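Residue numbers (our numbering), protein chains in the order written: chain A, 34 to 323; chain B, 3 to 336. Cβ coordinates follow ideal geometry from the N, Cα and C atoms, glycine included. Please read these numbers as outputs of a predicted model, since none were measured by experiment. To start, the structure under review is shown below, and the notes come after it.
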Amino acid sequence: MMIASVLELIFNGVAYGIVLFLIACGLSITMGLMGFTNLAHGSIVMFGGYLVVALMKGFGWPFLATIPAAFVVCALVGAGFERLLFRRLYSAGELNQVLLTIGLVFISVAIATYLWGAGQQPLQMPAYLNARLSLGLFEVSSYRLFLLLVGGAMTGLLALVFERSNLGAQVRAAVDNRQMAMSCGINVDRLFTLVFAVGCGIAGTGGALSVNLLGLDPSFPLRYLVFILIVVTVGGSGSIWGTLIAALLLGICDVFSKYYVPEAGAFTIFALAAVILFWHPQGLFGRAAT
Amino acid sequence: MTMVALRSLEPVRLLAERSRWRAAEFVFWSFVVASYFLFPGYLVLISQILIAGLFALSLDLLLGFGGMPSLGHAAFFGLGAYTAGLLGQMGWGEPISGLLLSGIVAGVFGLVCSLFLSRLRTTAFLMVTLTLGLLLREFANRWSGLTGGDDGLSDIALWPLFGVFRFGLSGHTAFWYGLCVTFIVFLLVRRLVHSPVGLALEAMRENERRAVALGISPRLMVIAIFTLSSAIAGLAGALLTQTTSFVALEVLSFERSAGVLIMLVLGGVGTLYGALVGAAVYLVARDVLSALDPVYWYFWLGLIIVMVVLFANDGLVGLSQRLQARAVRRWEAA
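Encoded structure:
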């Protein structure tokens with residue numbers, strides 16, 4: 034019984050962690066690549082969520098079809114913002130970046146409230162994602178299993194591209210040393226737009242998947258901003274593996290602390306993050322700033 | 003501009019020139035005093051502006067002169083607010099000692115934090131201060147036995163100032179009390195940034211390696227300035243508690259940390275007056291715009307920030323100085 038409940042908690046924690054990873058990994062790479070602190074990343078995540086709700090309710094799309102749509106639309110929106118706005122701020126210092134993107138968060142919160150109202154968005158999942166499955170020792174919800182499979186597949190694909198492909202090698206080279214990568218003939222500007230777009234696409238997908246797990250209302254970008262930043266900074270910006278490990282660690286710790294010490298709330302997570310950051314300011318897998 | 007001045011003047015003369023009181027400053031403070039007579043119906047709002055301005059001033063010291071951006075400065079503001087609130091609840095309602103004690107508590111906490119923070123710069127500094135702010139807010143939220151949690155602290159008894167002036171709903175006492183505290187702290191901060199220590203701080207902000215070569219210890223500077231800034235933020239928080247007789251959990255929120263940063267940037271970073279101007283513009287705009295609809299306020303707030311970052315990087319004070327300089331050039335050319 035004891036083992037079963039612990040296994041179930043670990044399972045739920047991993048499912049939560051995978052969602053956190055999908056939401057945060059784009060930000061981690063763009064921060065590592067350009068040092069661009071984009072606090073509006075959560076707004077893209079929220080946008081992905083609202084897109085799913087709008088497509089399902091307004092156009093009767095099936096849930097599964099909305100997920101790739103969220104990826105494509107969020108990637109395009111991200112690329113647009115990068116080209117038109119963020120590009121001007123790469124050399125402007127992190128304070129200006131933080132402020133501009135906080136401004137965008139506020140605007141996105143207001144627009145979401147205007148368009149969809151201030152309340153939580155209920156989402157009717159298809160029946161096969163609403164069931165409970167028995168995995169021998171313990172029962173899990175089929176939605177979390179679905180999350181784990183989709184998120185795991187995306188993570189695997191991402192890791193494959195990042196570690197094995199020519200493109201991934203270029204990104205890693207540019208994160209390591211942008212000047213050197215440029216002098217090797219890598220077009221870092223264009224690479225960055227591409228990475229930014231893909232990062233936003235993944236964030237949008239994460240948002241689409243998270244509606245049923247985290248809920249969705251206009252304050253989402255502010256509420257989850259903190260979790261996203263914690264995952265990125267604890268993992269160390271620019272490191273996919275660091276982000277993944279940080280996301281899983283935080284996901285599991287959060288689920289466990291909510292189960293065993295519910296009165297502590299989010300305190301456990303913040304305390305854990307504070308301890309890790311005090312002890313290792315560049316994150317678990319980050320390199321010292323050069 | 004600083005560099006040009008440094009080359010042409012001895013440091014002592016430079017400091018004397020910088021710390022000279024200008025006509026615009028007298029006009030500014032006269033206007034603040036006059037606002038008591040000009041807008042008698044808005045004394046509560048003006049007190050809020052003074053308190054927010056004091057809070058923004060504490061951040062200006064840290065960010066504008068020390069070059070350290072904090073996303074969690076509400077931690078110290080809130081600590082001061084809660085200290086003042088708890089003192090009042092426990093039966094000690096003397097305002098000035100309560101105020102000072104709150105400042106000291108926030109300052110001591112700031113000192114402890116700065117021992118860790120002194121190793122960090124820029125993005126890491128931002129993230130750790132952010133986490134720190136969230137940690138403290140969550141702590142206050144959960145430890146409701148002490149802090150009242152979500153409900154906050156009410157029934158804070160406050161004795162009359164000097165045993166004479168009562169803190170009433172009309173806000174007369176709150177106005178003069180807030181103005182005096184803000185002005186005194188402003189004078190101290192103004193004196194500090196125009197002292198050799200202020201120059202050392204600027205040197206560190208501009209180029210840390212060269213500052214080290216000049217014999218400045220960045221670690222010591224960070225600790226000193228962070229502690230002082232936290233104490234001032236604590237004073238501002240305590241002022242808010244004392245003038246409203248209430249502490250809400252909101253004093254520790256991320257929105258407050260972000261808000262004070264926005265006020266400062268709106269007014270102009272590193273100008274001292276920018277903190278006060280920014281607080282006034284921010285709070286008046288919030289008063290007007292959120293009267294229409296709170297949702298619109300968020301929209302306009304976001305738009306204002308984006309515009310300031312893109313087009314008026316040095317804030318309103320910087321903008322007015324640029325306009326003034328342009329007018330002077332026109333005048334001379336004509």
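Own chain residues within Cβ distance below 8 Å of residue i, not counting five before or after
| i | result |
| --- | --- |
| ASN129 of chain A | LEU122 |
| LEU40 of chain A | LEU170 and PHE171 |
| LEU134 of chain B | GLY74, ALA77 and CYS115 |
| LEU45 of chain B | TYR38, SER172, GLY173, HIS174, ALA176 and PHE177 |
| ILE263 of chain A | ALA279, LEU283, ILE302, PHE303 and ALA306 |
Amino acids of chain B, ordered along the chain, whose beta-carbon sits closer than 8 Å to that of residue i
| i | result |
| --- | --- |
| ILE77 of chain A | Here the premise fails: no neighbours, minimum Cβ distance about 15 Å. |
| GLU127 of chain A | PRO71, THR124, THR125 and LEU128 |
| PHE139 of chain A | TYR300, PHE301, LEU303, GLY304 and ILE307 |
| LEU310 of chain A | ALA126, MET129, VAL130 and THR133 |
| THR70 of chain A | THR125 and LEU128 |
Euclidean distance between Cα positions of residue i and residue j
| i | j | result |
| --- | --- | --- |
| LEU88 of chain B | GLY147 of chain B | 12 Å |
| VAL131 of chain A | ALA73 of chain A | 9 Å |
| LEU59 of chain B | GLY218 of chain A | 47 Å |
| LEU155 of chain B | SER290 of chain A | 28 Å |
| VAL86 of chain A | VAL110 of chain A | 18 Å |
| ALA327 of chain B | SER61 of chain A | 43 Å |
| LEU190 of chain B | LEU63 of chain B | 11 Å |
| GLN315 of chain A | LEU222 of chain B | 22 Å |
| GLU252 of chain B | ALA202 of chain A | 46 Å |
| GLY82 of chain B | LEU201 of chain B | 29 Å |
| LEU318 of chain B | GLY270 of chain B | 6 Å |
| TYR179 of chain B | THR188 of chain A | 58 Å |
| ILE135 of chain A | GLY320 of chain B | 22 Å |
| GLY112 of chain B | LEU122 of chain B | 15 Å |
Any chain A beta carbon closer than 9 Å to residue i
| i | result |
| --- | --- |
| ALA362 of chain B | Missing from the structure shown is residue 362 of chain B; chain B here goes from 3 to 336 and no further. |
| ALA260 of chain B | yes |
| GLY317 of chain B | no |
| LEU294 of chain B | no |
| GLU19 of chain B | no |
| THR210 of chain B | Correcting the residue type first, residue 210 of chain B is Glu in the shown sequence and not Thr. It does not: the Cβ of GLU210 of chain B has no partner Cβ on chain A nearer than 9 Å. |
| LEU274 of chain B | no |
| VAL267 of chain B | yes |
| VAL271 of chain B | yes |
beta-carbon residue i near the ligand GTP non-hydrogen atom, thresh 8 Å
| i | result |
| --- | --- |
| THR85 of chain B | In terms of ligand content, the structure shown is empty, and the ligand GTP therefore cannot be addressed. |
Residue i: contacting residues in chain A (beta-carbon distance under 8 Å)
| i | result |
| --- | --- |
| ARG144 of chain B | GLU296, ALA297, GLY298 and PHE300 |
| GLU140 of chain B | GLY298, ALA299, PHE300 and PHE303 |
Chain B contact for residue i (CB, 9 Å cutoff)
| i | result |
| --- | --- |
| ILE285 of chain A | no |
| THR323 of chain A | Note that THR323 of chain A has pLDDT 37, beneath the 50 cutoff, so the model's placement of it is unreliable and no number is given. |
| ARG121 of chain A | yes |
| ILE278 of chain A | no |
| VAL142 of chain A | yes |
| MET67 of chain A | no |
| PHE80 of chain A | no |
| ILE263 of chain A | yes |
| THR238 of chain A | no |
| ALA306 of chain A | yes |
| LEU255 of chain A | yes |
| SER124 of chain A | no |
| ALA151 of chain A | yes |
| SER272 of chain A | no |
| MET64 of chain A | yes |
Amino acids of chain B, ordered along the chain, whose beta-carbon sits closer than 9 Å to that of residue i
| i | result |
| --- | --- |
| VAL259 of chain A | LEU132, THR133, LEU136 and PHE256 |
| GLN315 of chain A | ALA126 |
Other residues of its chain near residue i: CB distance less than 6 Å, five sequence neighbours each side excluded
| i | result |
| --- | --- |
| GLY81 of chain A | ALA103, CYS107, GLY237, GLY240 and ALA241 |
| ILE51 of chain B | ALA281, ALA282 and LEU285 |
| LEU61 of chain B | HIS75, VAL262 and LEU266 |
| GLY100 of chain B | ALA86 and LEU89 |
| TYR257 of chain A | GLY75 |
Own chain residues within Cβ distance below 7 Å of residue i, not counting five before or after
| i | result |
| --- | --- |
| PHE57 of chain B | PHE79, ALA235, ALA238 and VAL262 |
| ILE48 of chain B | SER37, PHE41 and PHE177 |
Chain-ordered chain A contacts of residue i [CB-CB under 9 Å]
| i | result |
| --- | --- |
| LEU263 of chain B | LEU128, VAL131, LEU132 and ILE135 |
Within chain B, partners of residue i - CB distance below 7 Å
| i | result |
| --- | --- |
| THR342 of chain A | What is shown of chain A runs 34 to 323, which leaves residue 342 of chain A out entirely. |
| THR266 of chain A | MET129 |
Can you list, in chain order, the residues of the stretch 57-78 of chain B whose Cβ is nearer than 8 Å to any Cβ on chain A? Listed by position along the chain: LEU65, PRO71 and LEU73.
Please list, in chain order, the residues of the stretch 104-126 of chain B that have any C-beta partner in chain A closer than 7 Å. Taking 7 Å as the Cβ-Cβ cut-off against chain A, the residues of the stretch 104-126 of chain B that qualify are PHE118, ARG121, LEU122, THR124, THR125 and ALA126.
With 8 Å as the limit, tell me which residues of the stretch 280-291 of chain B have their beta carbon closer than that to any beta carbon of chain A; keep them in chain order. Correct list: empty, as no residue qualifies.
Proximal residues, the stretch 297-316 of chain B versus chain A, C-beta separation under 9 Å: Residues of the stretch 297-316 of chain B that bring their beta carbon within less than 9 Å of a beta carbon in chain A comprise VAL297, TYR298, TRP299, TYR300, PHE301, TRP302, LEU303, GLY304, LEU305, ILE306, ILE307, VAL308, MET309, VAL310, VAL311, LEU312 and ASN315, in sequence order.
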